[in-house]
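**Student:** Just so we're aligned, residue -1 is where the sequence shown starts under my numbering, counting upward by one.
C-beta: ideal position from N, C-alpha, C; glycine also.
Let me begin by handing over the structure; questions about it come next.
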Amino acid sequence: MAAIEEHNKHREFFKQINGVALKVYNGFHYGLFESAYEAALCYLLKESGYKVERQVALPIYWEDVRLDETYRMDLLVE
């Protein structure tokens, strides 16, 4: 039962995030730089009460060794 509740919690979370992303798309449509969509999405998610960080470094590992390169996540939510 706990697994089902956890699944439903995650599903609702992603449904809400997707709804905000669609709101940004419907407001801006297409053709802008990615940074404009990212800024708007970040703003709206924060307004909705989510903790959001932009351009978060994500280290890259090969087996147990941390490499000198990182990825950048556009947004980290919660």
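(1) Could you work out which residue in S46, I2 and E3 is closest to G17 when comparing CA atoms only?
(2) Straight-line CA distance for A1 to L73?
(3) Just confirm the distance between the C-beta atoms of L43 and V50, as a whole number of angstroms; I'd bet it's less than 8 Å.
(4) Decide if V22 is buried, meaning its Cβ has at least 16 other Cβ atoms within 10 Å, or exposed.
(5) Taking the continuous beta strand (DSSP E) assigned at E51, which residues delimit it?
(6) Indicate the three-state DSSP secondary structure (helix, strand or coil) for E67 in the structure shown.
(7) So, under 8 Å CB-CB, R52 and E36 are touching, yes? Tell me the CB distance rounded to an integer number of Å.
**Tutor:** By the coordinates alone:
(1) For the purposes of this step, residue 17 is identified with residue 19 of the sequence shown, where counting begins at 1. Answer by Cα proximity: S46.
(2) Here residue 1 corresponds to residue number 3 of the sequence shown, with the count starting at 1. Here residue 73 corresponds to residue number 75 of the sequence shown, with the count starting at 1. Each residue's Cα considered, the two are about 27 Å apart.
(3) Along the sequence shown, one-based indexing puts residue 43 at 45. Along the sequence shown, one-based indexing puts residue 50 at 52. 5 Å between Cβ atoms; contact.
(4) On the sequence shown, position 24 is the one that residue 22 refers to. By the neighbour-count rule (16 or more Cβ atoms within 10 Å), V22 is buried.
(5) Along the sequence shown, read from residue 1 onward, the residue named residue 51 stands at position 53. Note, E51: beta strand (DSSP E), V50 to W60.
(6) Taking the sequence shown and counting its residues from 1, the one referred to as residue 67 is at position 69. Three-state result, E67: strand.
(7) Taking the sequence shown and counting its residues from 1, one reaches residue 52 at position 54. Taking the sequence shown and counting its residues from 1, one reaches residue 36 at position 38. Correct: roughly 7 Å between the Cβ atoms.
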